[in-house]
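Working notes, beginning with the structure itself.
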Amino acid sequence: MKELRYLNKYFIKYKYSFSLGILITIIAQIFSLFTPKLISKSLNAIEKFDKLPKADQTSKVIIASYHQDLIHNVLLIIATTIVAGFLTFLMRQTLIVMSRHVEFDLKNEVFRQYENLSQNFYKQNRTGDLMNRISEDVSKVRMYVGPAVMYTINTFIRFAIVIIYMYNVSPLLTLYTILPLPILSYCIFKLSSEINKRSTIFQQYLSKVSSFSQEIFSGIRVIKAYSLENQHQNNMIALADESKSKSLNLAKVQSLFGPLMIALIGISNLVVIYFGGMMYINGTIQNIGTIAEFILYVNMLTWPVASLGWVSSMVQEAEASQKRLNEFLKIEPEITNNNENASDIQGSISFENVSYRYEDTNIEALKNVTFTVKKGETLAILGKTGSGKSTILSLISRLYDVTEGRITIDQNEISTLNLNDLRNNIGIVPQDAFLFSDTIKNNIKFGNRNATDEQVIEAAQNAVVHDNIMAFNKQYDTILGERGITLSGGQKQRVSIARAIIKNPAILLFDDCLSAVDTETEETILNNLFEICKDKTTIIVSHRVSSAKNADKIIILEDGKIIQQGSHNQLINQDGYYAALYLKQLSEKELL
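Numbering of the sequence shown is given in full-length UniProt numbering, commencing with residue 1 and proceeding in unit increments.
Written out as structure tokens, the structure is:
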């Protein structure tokens, strides 16, 4: 139960609903216990009537008196049953609704944690597993907070009240009745331990199935292109079979609870009938109604005792699920907001001997990189694949923190700035353009939710994607497929550019975002961008000289180090990577 202690804060948060639920449960149980007492009273009355002299049994006055008592008892039984049923309804409304609130809060907490965790976390964990934890695992935990807690409270309260009632009637018969309970407790303990173990294994395999399915659906085009449907179908069947096997192993143990509970309750009934009958014969019990009353008490305990197995199963499954959730909830985010005060971002950027090493691969992506970009300037970064270009952009937006050296924004160390203000003042177009399964308009407005339709169109025109959008039947209201699959690679890049432009940030970062665009369109976009970016700090990562030639500064990276830097005119007159790349791309352009 140690993992479930994490949920105590929610019980404290909803303490009034929780306390009210317990109070209603107590009152409901008290009303439900009137029935056995009234039935016992009625049977005792019948027994007493049967012992009257024959002359009295034929008296209309006496018959009417007994008849009136029986009718009175029946009406009381109906009334108390209705009240107990209504109170039970209120109990469920209080405790089960509380569990839904906890589920809502826990899902939001898990989602916020997912948002706060760093890039390294997502490199090490699969999307399907993350989705399974926030859905399946949270649902299992909700069953603990709601039904499991409710039935546990109900069981203990009923046990306490029923045992007190039984003891007041006959202490010795009560002792005989509860004899099977220690056996029951031992069986529950053993079965619960096995359920916990098997539930953890089953949840792990469920995550594997979710992860595998998510990857297949995301990469379905590649699978079809390589005609690998049958192979992946076989892999899915094997994984599903293994998951089914683990599920059946869990179900086999869980299925033992029902028969075990019923058998033990049946034994208790036999104990009551035998020992109660012997005590009635011996005169220890005066009334036959007492035996009936005890049988009803035992049967009132049937569902609570039988539910112990179900509740124990839910608790064990919730323990396993909460353990999986705690693994992520207890992770401290690597990137944290160290300043709650507002930060005014102007856009001047400085790298001072910055080095960065990726934890997962141990690759040193940057080595003693130093450069400065003033507000309103444009910096172009060129270099071979894997030279560290994208890493620079990730460090500026604080997706990672430097290993060595320091980065300053407006002469303030980047880690001292308000993280939200920093990212709100950065517009980034990633190398792999990601679009949401929403309308094109909403994808562009993702950069600025308050943007007008005119601003959306203007941003699309500057990104040279407006004409493409207008060619669709629903134009800007066209719904994109998952990850923007409706659009071509170049169109996705241009919609991403429009999304960054409409944000109107102080800093714009373009990570090789024109690689899928033809040269003519690239030229038009770049001319528009340089006009838009006059008062913004802009960094362009590219493999093309055409994207860099109009920049104020250009740096060339190789193996994480700056090997050249200067303006376009300076670099083409120097022997080195830039001049060679310029001549190569110039000759390719002439051939075209």
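Note that the Cβ used here is the ideal one computed from N, Cα and C, for glycine as well.
A quick note: this is a predicted structure, and the numbers were derived from the prediction, not measured.
Buried or exposed by the 16-neighbour rule on C-beta atoms within 10 Å, applied to residue i
| i | result |
| --- | --- |
| Lys534 | exposed |
| Ser255 | exposed |
| Leu583 | exposed |
| Ile71 | exposed |
| Phe18 | buried |
| Ala365 | buried |
| Leu130 | buried |
| Gln233 | exposed |
| Pro304 | buried |
| Thr155 | buried |
| Thr452 | exposed |
| Met278 | exposed |
Test item: CB-CB of residue i and residue j under 7 Å
| i | j | result |
| --- | --- | --- |
| Ala565 | Ile555 | Note that residue 565 corresponds to Gln in the displayed sequence, not to Ala. Result yes, Cβ atoms of Gln565 and Ile555 sit closer than 7 Å. |
| Val541 | Arg494 | no |
| Lys374 | Ser348 | yes |
| Thr372 | Asn353 | no |
| Ser415 | Val141 | no |
| Gln316 | Ser496 | no |
| Ile216 | Thr25 | no |
| Val402 | Tyr356 | yes |
| Leu435 | Asn443 | yes |
| Val169 | Thr290 | yes |
| Phe202 | Ser247 | yes |
| Asn339 | Asn418 | yes |
| Thr439 | Ile479 | yes |
| Ile27 | Leu90 | no |
| Ala342 | Asp421 | yes |
| Ala498 | Ala460 | yes |
| Ile195 | Ser99 | no |
Contacting residues, own chain, Cβ-Cβ under 7 Å from residue i (five flanking each side not counted)
| i | result |
| --- | --- |
| Asn425 | Ile345, Pro505, Ala506, Ile507 |
| Lys384 | Glu558 |
| Glu242 | Tyr205 |
| Lys367 | Ser355, Gly560, Lys561 |
| Thr174 | Ile163, Met166, Tyr167 |
| Ala240 | Val209 |
Limits of the unbroken beta strand (DSSP E) element including residue i
| i | result |
| --- | --- |
| Gly283 | Premise fails: Gly283 is in no beta strand (DSSP E) and is neither H nor E. |
| Gln411 | No beta strand (DSSP E) contains Gln411, which DSSP labels as neither H nor E. |
| Ala365 | 364-373 |
| Phe351 | 349-357 |
| Asp511 | 507-511 |
| Ala380 | 378-383 |
| Leu557 | 553-558 |
| Gln570 | Careful: Gln570 lies outside any beta strand (DSSP E), inside the alpha helix (DSSP H) at 568-572. |
| Ile428 | 426-429 |
Residue i CB to nearest heavy atom of the ligand GDP below 6 Å
| i | result |
| --- | --- |
| Ile82 | You won't find the ligand GDP in this model; it holds no ligand whatsoever. |
6 Å CB neighbourhood of residue i in its chain, flanking five on each side removed
| i | result |
| --- | --- |
| Lys553 | Leu379 |
| Leu20 | Thr94 |
| Thr127 | Gln214 |
| Ile572 | Ala579, Tyr582 |
| Gln585 | Val545 |
| Leu592 | The predicted position of Leu592 is uncertain, since its pLDDT is 47 and thus under 50; a value taken from the coordinates is nonetheless stated next. No residues qualify anywhere along the chain. |
| Tyr10 | Val102 |
| Leu509 | Leu393, Ile428, Ile539 |
| Leu329 | Gln113 |
8 Å CB neighbourhood of residue i in its chain, flanking five on each side removed
| i | result |
| --- | --- |
| Asn8 | none |
| Met300 | Ser32, Leu33, Pro36, Arg158, Val162 |
| Val298 | Thr177, Ile265, Ser268, Asn269, Val272 |
| Asn550 | Thr378, Leu526, Phe530, His568 |
Endpoints, alpha helix (DSSP H) assigned at residue i
| i | result |
| --- | --- |
| Ile12 | 8-13 |
| residue 594 | Absent from the model: residue 594. The displayed extent of the chain is 1 to 592, so no value can be given. |
| Lys503 | 489-503 |
| Asp453 | 453-462 |
| Asp241 | 229-254 |
| Gln119 | 119-124 |
| Lys441 | 440-445 |
| Gly289 | 288-300 |
Mind the definition here: the region 556-568 touches the region 483-495 only if three or more C-beta pairs lie below 8 Å; say whether that holds.
-> no
Three CB pairs or more closer than 8 Å across the region 290-305 and the region 30-41 | yes
Evaluate contact between the region 110-117 and the region 73-83, counting only Cβ atoms and requiring at least three cross-stretch pairs below 8 Å.
-> no
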